[in-house]
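Numbering of the sequence shown is given in our numbering, commencing with residue 26 and proceeding in unit increments.
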Amino acid sequence: MVTQRVDHKWGMVIDLDRCTGCQACVVACQSENNLPINTKDLFLQRRAYEWIRIERYWEGEFPDVKARFIPILCQHCENAPCEPVCPVFATYHNDEGLNVQVYNRCVGTRYCANNCPYQVRFFNYWEPVWPERLRNHLNPDVTVRSRGIMEKCTFCIQRIRRAEVTVERRERSNLDYATMKKRNFLPACVSACPTNALNFADQADDSGPVKEYFDDVNEHPHGEAHDRKTRGYRLLEEMGTKPNVIYLKKVDPFPLRKGVGHGS
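This is the structure in structure tokens:
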């Protein structure tokens, strides 16, 4: 019996009102994807890399100050600026909406990093090193990237593929989203989030938790953001990159008013 494959288009929705900045997603991502330990010296040298990072912003004036947290990861853009500049086609868009990286092709030009407006691509300046005790903790499903290679978030594609293989071999059923949900195909950051701020699902699934937001944002582009029914928005929407990551937060579509901005 041949398993019927169903086209997927993966997407992530991040509710900023739920994010507490605990960085559980950062730790889970580093553990799942074999990222070396970032020391203080690496951050000072601007050589540290995190596939997902938590950016912190402050609102209000002292003493009434409140912190806001925004998880930043590869947006897996439909119109990805990083893809056309790669001279060896090491990065491309697959048929599931993911911006994937072929490490064996990469020659380290760093053009993709220069062209990424989200600053989520990282270059390996040296061979990765782990303490001896942590070597046995490396994930065998994820390639250890060598020096001179670009890398970034993959939406934990190895988990998606593992779930697909499990469904095909054991259950012999249709490879639809409902069946996939029974298996642990969620990215590590989503699985680790204690407040369920991160949600990952198939945009093509009508009953999925993300379709409503993607439909709303796609129907009302940046210029019509005030017509949206949900809190959804994309980072740097005005650039036309069409990310497959949506953030939930009420955003003022007309932020510049009298007394606000440069020259006020």
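Every residue gets a Cβ at the ideal spot worked out from N, C-alpha and C, and that includes glycine. If you're wondering where the values come from, they're calculated on a predicted model, not measured in any experiment.
**Message:** In the DSSP output, which residue or residues are listed as bridge partners for Ala-92?
**Reply:** Paired residues: Trp-83.
**Message:** Helix, strand or coil for Phe-148? Go by DSSP, reduced to three states.
**Reply:** Of the three classes helix, strand and coil, the one that applies to Phe-148 here is strand, per DSSP.
**Asked** What are the complete beta strand (DSSP E) segments, minimum 3 residues, inside the segment 111 to 172?
**Response** Segments of the beta strand (DSSP E) lying fully in the segment 111 to 172: 116 to 118 and 124 to 126.
**Prompt:** What did DSSP end up calling Phe-68 once you bin it into helix, strand or coil?
**Reply:** Residue state, collapsed to three classes: helix.
**Item:** Sequence-distant residues of the same chain with beta carbon closer than 8 Å to Asn-119, five excluded per side
**Value:** Beyond the five residues adjoining it in sequence on each side, Asn-119 comes within less than 8 Å, by CB distance, of Val-125 in the same chain, given in chain order.
**Message:** So for Tyr-238, helix, strand or coil by DSSP?
**Reply:** Reduced to three states, the DSSP call for Tyr-238 is helix.
**Message:** Restricting to Cα atoms, I'd like to know which of Val-132, Pro-165 and Val-235 is closest to Asn-59.
**Reply:** Selected option, being the one with the closest Cα: Pro-165.
**Asked** What span of residues does the alpha helix (DSSP H) with Val-51 cover, start to end?
**Response** First-last of the alpha helix (DSSP H) with Val-51: 49 to 57.
**Message:** Here's the rule I'm using: 16 or more other beta-carbon atoms within 10 Å means buried, otherwise exposed. How should His-33 be labelled?
**Reply:** Counting Cβ neighbours within 10 Å, His-33 comes out buried, since at least 16 surround it.
**Burial state of Arg-259 (16 or more Cβ within 10 Å)** = Only buried fits Arg-259, as 16 or more other CB atoms lie within 10 angstroms of its CB.
**Prompt:** Under the three-state reduction of DSSP, which class applies to Asp-252: helix, strand or coil?
**Reply:** Here Asp-252 carries a helix assignment [DSSP, helix/strand/coil].
**Prompt:** DSSP on Ala-229, reduced to helix/strand/coil?
**Reply:** In this structure, DSSP gives Ala-229 a state outside helix and strand, which the three-state scheme calls coil.
**Message:** Restricting to Cα atoms, I'd like to know which of Met-175, Tyr-74, Gly-173 and Leu-211 is closest to Arg-187.
**Reply:** Of the candidates Met-175, Tyr-74, Gly-173 and Leu-211, Leu-211 places its Cα closest to the Cα of Arg-187.
**Request:** Take Trp-83 as the anchor and find which of Asn-149, Phe-94 and Glu-237 has the nearest alpha-carbon.
**Result:** Ranked by Cα distance from Trp-83, the options Asn-149, Phe-94 and Glu-237 are led by Phe-94.
**Asked** How close, in whole Å, do the beta carbons of Val-51 and Arg-78 come, if the pair is a contact with beta carbons under 8 Å?
**Response** With a contact defined as Cβ atoms closer than 8 Å, Val-51 and Arg-78 qualify at about 7 Å.
**Request:** Pick helix, strand or coil for Arg-186, following the three-state DSSP scheme.
**Result:** In the three-state DSSP reduction, Arg-186 falls in the helix class (H, G or I).
**Message:** On the DSSP letters alone, give me the boundaries of the beta strand (DSSP E) that Val-38 sits inside.
**Reply:** It spans 35 to 40 - the beta strand (DSSP E) in which Val-38 sits, taken as one unbroken run.
**Request:** Would you check if the segment 176 to 185 and the segment 90 to 106 touch, i.e. whether three or more CB-CB distances between them fall below 8 Å?
**Result:** Contact between the segment 90 to 106 and the segment 176 to 185 is present, because at least three Cβ pairs lie under 8 Å.
**Request:** Express the C-alpha separation of Gln-48 and Cys-214 in angstroms, rounding to a whole number.
**Result:** Between the alpha carbons of Cys-214 and Gln-48 lies a distance of about 9 Å.
**Request:** Enumerate in chain order the residues of its own chain whose CB-to-CB distance from Gly-85 is below 7 Å, with the five nearest sequence positions on each side excluded.
**Result:** Answer for Gly-85: Lys-91, listed in chain order.
**Prompt:** Do you know how far the Cα of Ala-229 is from the Cα of Asp-240?
**Reply:** In a straight line, the C-alpha of Asp-240 is about 10 Å away from that of Ala-229.
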